[in-house]
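Student: Attaching a single structure in structure tokens format; questions to follow.
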Amino acid sequence: MRNEPLYRVIGYSEPNDERLVLAENLSHKEAWQTARNAMDENLAIYAISVRPMVRDVKGGKNV
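This is the structure we're talking about:
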């Protein structure tokens, strides 16, 4: 099995321009599906970001 990166889904919502971590440690496919669902279900979210999680070299953890 290949060691694929994990992804984080971040939503930006109104009215206070808040940054919300919606989900973490997802596969690429799961992250984009979560992003689509969040945009469809939550009218306060005006933007979504899907980003790979950075791997901590020392501890081997995703951060």
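Numbering (our numbering), first residue to last: 4 to 66. Ideal Cβ positions, reconstructed from N, Cα and C, are used throughout, including at glycine.
Between which residues of its own chain and E21 is the CB-CB distance below 8 angstroms, once the five residues before and five after are set aside?
Tutor: Excluding positions up to five away in sequence, the list reads Y15.
Student: Taking all protein chains shown into account, do 16 or more other C-beta atoms lie within 10 angstroms of the C-beta of D43, making it buried, or fewer, making it exposed?
Tutor: So D43 ends up on the exposed side.
Student: Which class does N40 belong to by DSSP, given the choice of helix, strand or coil?
Tutor: Of the three classes helix, strand and coil, the one that applies to N40 here is helix, per DSSP.
Student: Measure the alpha-carbon distance for A127 versus E17 and round it to whole angstroms.
Tutor: Residue 127 is absent from the structure shown; the chain starts at 4 and stops at 66.
Student: By the three-class DSSP mapping on this structure, what secondary structure does E21 have?
Tutor: Residue state, collapsed to three classes: strand.
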